[in-house]
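Heads up, the thing below is written out as structure tokens.
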Amino acid sequence: MVKLFNDTFNINEIIDSISTEVLLESEFTIADMPDIERIITAEGKAEVNNVSVSTDKIVVEGKLIYNIIYYSNDEDTTINSVTGEIPFREEIEAEGVTEEMEADSKAFIDFIDGEKSADRSYLVKAVLILDTDVYMNRPVTYVSYLESDGSMQAKTKNIFYTNTLSEISEEISINDAVELSKGSGEIHEILKSDADVYITNIDTLDEKMLVEGICKVGFLYTEDDKHTTGYVSEEFPFTHYLELNSSDDNILKEISVKVNKMTYSPTENFDDEKKLIEFKLPFTINAYLYDTSERNVIMDCYSTDYELEVESETINVSSLQNIVNEVVKYENNFDVLSGTIKDIYSVDVSPKISDKKISDDKYIIEGFLDVNLLYLNGDINKVDKAFASLPFTVDFPLEEKTFTQIQSDVKANRCNAYRKGSSSVNFNCDINVSLKFKNNDEVTIIKDIAETEPIDRNKMSSLIFRVVQPGETLWDIAKNYNLSINTLKELNDIPEDNELTAGNKIIIARMV
Numbered sequence: 453m454v455k456l457f458n459d460t461f462n463i464n465e466i467i468d469s470i471s472t473e474v475l476l477e478s479e480f481t482i483a484d485m486p487d488i489e490r491i492i493t494a495e496g497k498a499e500v501n502n503v504s505v506s507t508d509k510i511v512v513e514g515k516l517i518y519n520i521i522y523y524s525n526d527e528d529t530t531i532n533s534v535t536g537e538i539p540f541r542e543e544i545e546a547e548g549v550t551e552e553m554e555a556d557s558k559a560f561i562d563f564i565d566g567e568k569s570a571d572r573s574y575l576v577k578a579v580l581i582l583d584t585d586v587y588m589n590r591p592v593t594y595v596s597y598l599e600s601d602g603s604m605q606a607k608t609k610n611i612f613y614t615n616t617l618s619e620i621s622e623e624i625s626i627n628d629a630v631e632l633s634k635g636s637g638e639i640h641e642i643l644k645s646d647a648d649v650y651i652t653n654i655d656t657l658d659e660k661m662l663v664e665g666i667c668k669v670g671f672l673y674t675e676d677d678k679h680t681t682g683y684v685s686e687e688f689p690f691t692h693y694l695e696l697n698s699s700d701d702n703i704l705k706e707i708s709v710k711v712n713k714m715t716y717s718p719t720e721n722f723d724d725e726k727k728l729i730e731f732k733l734p735f736t737i738n739a740y741l742y743d744t745s746e747r748n749v750i751m752d753c754y755s756t757d758y759e760l761e762v763e764s765e766t767i768n769v770s771s772l773q774n775i776v777n778e779v780v781k782y783e784n785n786f787d788v789l790s791g792t793i794k795d796i797y798s799v800d801v802s803p804k805i806s807d808k809k810i811s812d813d814k815y816i817i818e819g820f821l822d823v824n825l826l827y828l829n830g831d832i833n834k835v836d837k838a839f840a841s842l843p844f845t846v847d848f849p850l851e852e853k854t855f856t857q858i859q860s861d862v863k864a865n866r867c868n869a870y871r872k873g874s875s876s877v878n879f880n881c882d883i884n885v886s887l888k889f890k891n892n893d894e895v896t897i898i899k900d901i902a903e904t905e906p907i908d909r910n911k912m913s914s915l916i917f918r919v920v921q922p923g924e925t926l927w928d929i930a931k932n933y934n935l936s937i938n939t940l941k942e943l944n945d946i947p948e949d950n951e952l953t954a955g956n957k958i959i960i961a962r963m964v
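If you want it as structure tokens, here you go:
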């Protein structure tokens, strides 16, 4: 007779990871604005607003916020901008997903541009990449321990799994202003705004986490003569405390920042000049706290006396080994292909990863930094755009390989560009790399055991000489003949580690 003891733990299984390409196209009309002579640049930001899961399908909803800067044929206002939104709803086919599962999706702009479609009508075309993870957080009930008269044989394993202890999401904002230089004219119109937020330091103090960082804002504008353009930018430090549920040093912490929509307005300074830009930049700090636990589970069992009906389940168990954030300094040069550089305004950078690999005990990420530069072309005294795709390689030493998977993400911060001669640019930035080292294990657990009928040993030969097959273990042979491992060890010269050599013979005697 066997007596079972059950236990339960929660697992977060990654069911699938899907990358989807989304094509967007939208028309806009400039009825009340000067006509477009030439588009200088088209930029945008992709946002995911909602992700839902149904049977065999994932629906991702969001929007693309675009900004187009262009030259007009108006003599009074030569440069203008137009901003708009393109909503999207993408249905992703995913066989096997159910409503009980959850999904998370991130959107990246792979391409964006504008073109004329008709008189005073234009098209915005864009390609988004949606990276979607489908997962299920569920309880798993298993047989944790059993009692018997000695006839039950059990094979156990220590497994490790990671729990999300808590998720903290807090929005804060920087309310401040930037001022134009003394020699500039007053602001006529703001053509473009830039905002970047990045973390510089994290300290844990008791049950609080101190997050320090930098907010960088920039504005491209036209002056009151409507022909002169300028760019102003400034950095603002911030500190913020997050309340933690625990100060345990073994808890892994993942911290990220999401920049939300910035609002701004030009206003007058103390000299009654319209040279001040007041802004409000809200951003969200997201913190995830992880803890890894250990369980001893029964993976397989059999009886030396009875046939068994065993209910089992195969699960994917993931444990987070470590979270590492590294900053790699990057610098490179490139040439502009049109005119000469009189002044550099803004630089936007989008990292694109082309390869991830492990080689020579290093984890290597290779890719390109797509750099979009707005500058004042000295040959025509107008704003112009330059593009460069700069290769990068970052690598990290791997001291001990205690993981089966590395998840990595790359962002570029502190991006700066400087004129180097009349047509060359020196570009530098911080490449921020976040690494999550995980150990994924496919484990069979026992959910229930029932004894049925006694084993009929009369059908078994009294003595068998069994040749060990490649990959065969002592457990495999003992289970096949419903014998205890100790019985086989008593009959054979088995080493202490129970390792068998393929081709050797094992004596198997029928139990009476």
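For the sequence shown, position 32 matches number 484 in the numbering used here, and the numbering has no gaps at all. Quick reminder that beta carbons are idealized off the backbone N, C-alpha and C, glycines included. If you're wondering where the values come from, they're calculated on a predicted model, not measured in any experiment.
- Distances from the alpha-carbon of SER806 to those of ASN829, PRO539, GLY955, SER860 put SER860 closest.
- In this structure, the beta-carbon distance from TYR613 to VAL769 falls below 8 Å.
- Membership of LEU825 in the beta strand (DSSP E) is indicated by the continuous run 814-829.
- Taking a C-beta distance under 8 Å as the contact criterion, ILE639 and GLU686 do not qualify as a contact pair.
- By alpha-carbon distance to ASP822, the top candidate from LYS804, ILE816, ILE810 is LYS804.
- Nearest C-alpha to LEU672 among MET604, PHE879, GLY635, VAL630: VAL630.
- When the beta-carbon positions are compared, GLU763 and LYS899 come within less than 8 Å of each other.
- Under a 10 Å Cβ-count criterion, GLU495 is classified as buried, with 16 or more other Cβ atoms of the shown protein chains found around its own Cβ.
- If you check the CB distance, LEU575 and ILE561 do not come in under 8 Å.
- In the structure shown, the three-state DSSP call for LYS710 is strand.
- Here ILE521 carries a strand assignment [DSSP, helix/strand/coil].
- The residue from PHE879, VAL895, ILE796, SER802 with its alpha-carbon nearest to that of VAL749 is VAL895.
- Here the segment 775-788 makes contact with the segment 871-889; the two share three or more CB pairs at distances below 8 Å.
- By the Cβ criterion, the segment 904-915 is not in contact with the segment 794-801, since fewer than three pairs of Cβ atoms, one from each stretch, lie closer than 8 Å.
- Here LEU516 is buried, its C-beta having at least 16 other C-beta atoms within 10 Å.
- When the five nearest sequence neighbours on each side are left out, the beta carbons in the same chain lying within less than 6 Å of the beta carbon of SER841 are those of PHE820, ASP822, in order along the chain.
- Listed in chain order, the alpha helix (DSSP H) elements of length 4 or more contained wholly in the segment 522-570 amount to none.
- The residue from THR530, ASP655, THR681, SER504 with its alpha-carbon nearest to that of TYR587 is SER504.
- Nearest neighbour of ILE531 by Cα position, chosen from ILE520, ILE611, LEU582, GLU537, turns out to be ILE520.
- By the Cβ neighbour-count rule, VAL669 is buried, with 16 or more other Cβ atoms within 10 Å of its own.
- Less than 8 Å divides the Cβ of GLU542 from the Cβ of THR472.
- The continuous stretches of alpha helix (DSSP H) do not include LEU456, which lies in the beta strand (DSSP E) extending over residues 455-481.
- In the three-state reduction of the DSSP assignment, ASP757 falls in the coil class.
- Note that the C-beta distance between PHE480 and GLY514 is not below 8 Å.
- Nearest neighbour of THR953 by Cα position, chosen from SER876, ARG918, SER708, turns out to be ARG918.
- If you draw a 10 Å sphere on the C-beta of GLY923, you find fewer than 16 other C-beta atoms in it, and that means exposed.
- Secondary structure of GLU659 (DSSP, three-state): coil.
- Within the same chain, and ignoring the five residues on either side of LYS863 in sequence, the residues whose Cβ sits closer than 6 Å to its Cβ are ASN884.
- Taking the Cβ atoms as the reference, PHE731 lies roughly 11 Å from ASP646, outside the contact range of under 8 Å.
- Of all alpha-carbon atoms in SER625, GLU706, ALA578, the one lying nearest the alpha-carbon of ASN774 is that of GLU706.
- Taking 8 Å as the cut-off, the Cβ atoms of LYS660 and GLU619 do not count as close.
- In the three-state DSSP reduction, ASP677 falls in the coil class, being neither helix nor strand.
- Nearest in C-alpha terms to TYR740, of all of ARG590, PHE839, GLU622, is GLU622.
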